[in-house]
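All residue numbers in the sequence shown are consecutive under full-length UniProt numbering, ending with 102.
Just so you know, even glycine gets a beta-carbon here, dropped at the ideal spot from N, CA and C.
This report refers to the structure that appears directly beneath it.
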Amino acid sequence: MLKFFKSLFGKDNQELVRAFENGAVIVDVRTAAEFSQGHIPGSKNIPLNELKLKSDLIRKWNKPVITVCRSGNRSGIAKGILKATGIDAYNGGAWTNLKTSQ
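Laid out in structure tokens, this is it:
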């Protein structure tokens, strides 16, 4: 399984690999309409504008979170929001980069 995640994120991003070793959840912060047009299987869709309101729910998962979006901008903002609420979060960037690495 670890070999799969290393191929998914590449050798240069060991932070994301370690997050997956610790059971990370991928949170796609695009809108529901964007998410419905394609997403990483198993990812959870929580649009950026709802993220802060759902941080208590996310914290209850007790797992690291990898945020993704269309280009990496919103996922970077999402990482900051989650970290500010005490959640172990990482910016996975564009969801298509992770998808095409599978």
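(request) List the whole-angstrom C-beta distance separating A89 from S71, where the pair is believed to meet the contact cut-off of C-beta under 8 Å. (result) Actually they do not touch by this definition, with Cβ atoms about 18 Å apart.
(message) Does residue 106 pass the burial test, meaning 16 or more other C-beta atoms within 10 Å, or should it be called exposed?
(response) Limits of the chain in this structure are 1 at one end and 102 at the other, which puts residue 106 out of reach.
(message) So the candidates are G92, G86, G80, V68; which of them puts its Cα closest to the Cα of N45?
(response) V68
(message) Just list the residues that DSSP pairs K44 with in beta bridges.
(response) V27
(message) According to DSSP, simplified to helix, strand and coil, what is G92?
(response) strand
(message) Within 8 Å of any Cβ in chain B, is that where the Cβ of T85 sits?
(response) Chain labels in this structure do not include chain B; a single protein chain is all it has.
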